[in-house]
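Numbered according to mature numbering (1 follows the signal peptide of the UniProt record, and there is no 0), the sequence shown spans residues -20 to -1, 1 to 253.
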Amino acid sequence: MKKYVYSLLLNWLFLPPVLANQPESAILHIPDTTVVEQLADTTAQTADNRKLSVLARKATVPVLLIGLGVTHMDDEGLFEGSRGLRRVVQRGYTNYSTTVDNYLYHTPLVLTVGLNLARVKGEHHYAEQALLLGMTHFVNRVITNNLKTITAINRPDGSSDDAFPSAHTSKAFAYATFFHKEYGSRSIWYSIAGYSVATATGTLRILNDRHWLSDVLAGAGIGILSAEVVYLVYPRLQEIVAHSFHKKQQNQLIFMPYYSGGAGGIALVWQLR
């Protein structure tokens, strides 16, 4: 018994010096809860800053285009503006007329269908692509139509007062951005094709004397912004739907067959948790 007591005393005497000579990494360290909370807050702030940075970067080009469109509304603006450009077009393309711009902006959608049939994978499944496209079209249409009603700008040819912004151009750039999001990572030529078609659509709207330069610039910005917003919001919507489905699964109604005492039937079980 005395040996055990001596042994415990020796351990008690020599253990502190031994631990003192050990590197910090070898000693069990219990972190302070305050430090842990600060680290968590810092991580959350960093994630939020990254999200804001991504949002700002993606919004730069469309906001710039919309701003240029607004500054060129019904005045000379920069580089002679909308009216100056129209005078140049009228001199060089007198009586120019085509209906190609009424169909050209659908090209990215046709290409998307063709690539899916050819089994060329995009960023999302074709069912999700349809959903994303529908959301993009809805957002774009709401913004464009409301701005047309609010601004009531006359068209260059005087046919109506719903010139600003150009709906054809807006849809063209919205669809081009959708196409870029889905297939741009596979090849830059997909993106070039989509945006080339969109630019051609806007150009034809001016040549047809249906829109001012300001209408086309703002339409392009709104189109790009519509698709960008949808693609930023979509992952969050997925999380909400998944969480809602998970909660429904926790309160699940189950049909179970049973047999007891010579009698059988179907039991309804409501699973609460």
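C-beta atoms are modelled at their ideal positions from N, C-alpha and C, and glycine is treated no differently.
Distance cut-off 7 Å: residue i Cβ against heavy atoms of the ligand NAP
i, result
"LEU112", "The model depicted lacks the ligand NAP and carries no ligand whatsoever."
Integer-rounded CB distance, given that residue j should sit under 8 Å from residue i
i, j, result
"ASN120", "SER167", "With a Cβ gap of about 25 Å, ASN120 and SER167 do not count as contacting."
"ALA152", "ALA207", "Going by Cβ atoms, the distance from ALA152 to ALA207 rounds to 11 Å, so no, they are not a contact pair."
"ASN188", "SER77", "6 Å"
"VAL50", "ALA198", "7 Å"
"PRO145", "ARG66", "PRO145 to ARG66, Cβ: 16 Å. No contact."
"GLU219", "GLU162", "Contact flag wrong, Cβ pair sits at about 21 Å."
"ILE186", "VAL68", "In fact, because the Cβ distance is near 10 Å, the residues do not count as touching under 8 Å."
"THR124", "ALA147", "5 Å"
Top-ranked residue by Cα proximity to residue i, from the options
i, options, result
"LYS128", "LEU187, SER62, ASP195", "ASP195"
"VAL213", "GLY64, ILE186, THR74, LEU111", "LEU111"
"ASP142", "GLY182, ARG190, SER171, ALA173", "ARG190"
"LEU44", "THR181, LEU65, ALA200", "ALA200"
"VAL122", "LEU205, ALA36, VAL41", "LEU205"
"ALA173", "ALA39, LEU84, TYR73, THR79", "LEU84"
"ALA180", "VAL41, HIS52, ALA222, HIS86", "HIS86"
"LEU113", "ARG216, ARG37, SER224, VAL210", "VAL210"
"ASN134", "ARG216, GLY47, LEU193, ILE46", "LEU193"
"GLN109", "VAL90, ARG37, ILE130", "VAL90"
"ASP81", "ALA222, HIS223, GLY138, LEU184", "LEU184"
Buried versus exposed, by CB contacts within 10 Å (16 or more), residue i
i, result
"THR157", "buried"
"PRO88", "buried"
"TYR170", "buried"
"PHE59", "Only weak support exists for where PHE59 lies, its pLDDT of 46 falling under 50; the value from the coordinates is given anyway. Looking at its Cβ environment, which holds fewer than 16 other Cβ atoms inside 10 Å, PHE59 is exposed."
"LEU35", "exposed"
"SER202", "The sequence given here has Ile at residue 202, not Ser. Buried, because 16 or more other Cβ atoms sit within 10 Å of the Cβ of ILE202."
"LYS101", "exposed"
"HIS52", "buried"
"GLY72", "exposed"
"LEU8", "Here the model assigns LEU8 a pLDDT of 48, short of 50, so the residue's position is not dependable and the matter cannot be decided."
"PHE118", "exposed"
"HIS105", "exposed"
"PRO42", "buried"
"GLY61", "buried"
"ILE46", "buried"
"HIS223", "exposed"
Closer than 8 Å to chain D by CB, residue i
i, result
"SER77", "Structure shown: chain D not included; a single protein chain is present."
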